[in-house]
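First residue of the sequence shown: 1, per full-length UniProt numbering; consecutive thereafter.
No residue lacks a Cβ here, since even glycine has one placed at the ideal position from N, Cα and C.
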Amino acid sequence: MEDKQTIPLPPEPSAAGRRRTIAIAAGAVVAVGVGVVSVVAVAGGSSQPHKPALGAAAAISSPAPYVADSDGGYSQQPQFTWSPRPGVPSPSAPTTAPVSSTTPPSAPPPSGPVTVTSHAPTTTPPKTVTKPPVSTATSAPPPPPATSKAPTPYQISGTVSCVSGHSVEGVWVQASQGAGYSPWQGIGNGSTSRYWYTLPSTMAFSLHVGCGGTTASWAVAVTTPDASGPVANFTCHDIAGQAEYGKCDLQ
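Here it is in structure tokens:
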């Protein structure tokens, strides 16, 4: 129960004031009756006839906030109390605008075209590894072909004699290599002469001797046998009619 607030009346109100108070009180009683009838009418189909339906407006209203009490004062009457019905908006609830979840931009977007500058990715050039040149093993040059030892020159010498007593007019050395005229030197009347010659190597040789005549034209040509050594002395038969004519003997 709410405590009634008692407001003291002014002393000795006039008759008109009392009539006004009575009229206000009667109006309040009528309003209470009308409210009860309305509640019963709204809840007519409910299984509990003595309880108002959920969401119905159950209120005690008074056309005037204050009524006279038995002590001659005024007391404050309870105001309307509203109970919301599901799906029915409350008449006293203010309509609130929905709150937007979108935060307004802090700055307006630019009005002109936006230029986007793209930076090309910086690429590092690949490192180039320089390999040292591979040294190729150079093969040693082949050894020179084995050469045979240079031949030792073969020095020959000796004497030749013409039995006829004619002078020696020439000496020719006959050999497999290096044949040629040999120098000669007469001894005495010249029927005996020395000779000397150099052959390219050791080898057998023989002589052709000119007895008489001239160097360009021998009177008799005689031939010696092969000599096996470097020194050889020959006696030549240059007399016609002898058994060994045209031959020389190795001494």
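Within the same chain, V160, V168, G170, V171, S193, R194 and Y195 come within 8 angstroms of W184 by CB-CB distance, once the 5 residues on both sides are set aside. Taking all protein chains shown into account, I187 has fewer than 16 neighbouring C-beta atoms within 10 Å of its C-beta and is therefore exposed.
Nearest to L199 by C-alpha distance, out of Q251, S182 and V163, is S182. For K149, the three-state secondary structure derived from DSSP is coil. With 16 or more other CB atoms across the displayed protein chains lying within 10 angstroms of its CB, V173 is buried.
Of G165, L207, P143 and E244, the smallest CA-CA separation from P225 is found for L207.
For I187, the uninterrupted beta strand (DSSP E) segment begins and ends at W184 to I187. Residue pairing by DSSP places S217 opposite no residue, since no beta bridge is assigned to it.
Per DSSP, the unbroken beta strand (DSSP E) holding Q155 starts and ends at Y154 to C162. Judged by DSSP in its simplified three-state form, T223 adopts strand. Burial state of V231 is exposed, judged by a 10 Å Cβ sphere holding fewer than 16 other Cβ atoms. For T198, the secondary structure class from DSSP, reduced to helix, strand or coil, is strand. DSSP, read as helix, strand or coil, puts Q174 in strand. Distance from the CA of P143 to the CA of S157, rounded to the nearest whole angstrom, comes to 41 angstroms.
In the displayed model, Y245 falls within coil according to three-state DSSP, outside both helix and strand. Contact between T152 and S201 holds, since their C-beta atoms are separated by about 7 angstroms, short of 8 angstroms.
With respect to the C-alpha of F205, the residue from C162, C211, Y245 and G178 having the closest C-alpha is G178.
Taking 8 angstroms as the cut-off, the Cβ atoms of S164 and D238 count as close.
Per DSSP, T130 lies in no beta strand (DSSP E) and is assigned neither H nor E.
In this structure, the alpha-carbon of A243 lies about 17 angstroms from that of F234.
Looking from the CA of Q155, the closest CA among L250, C162, K149 and Y197 belongs to Y197. Of the other Cβ atoms in all chains shown, 16 or more fall within 10 Å of the Cβ of G210; this residue is therefore buried. Between the alpha carbons of G212 and W218 lies a distance of about 6 angstroms.
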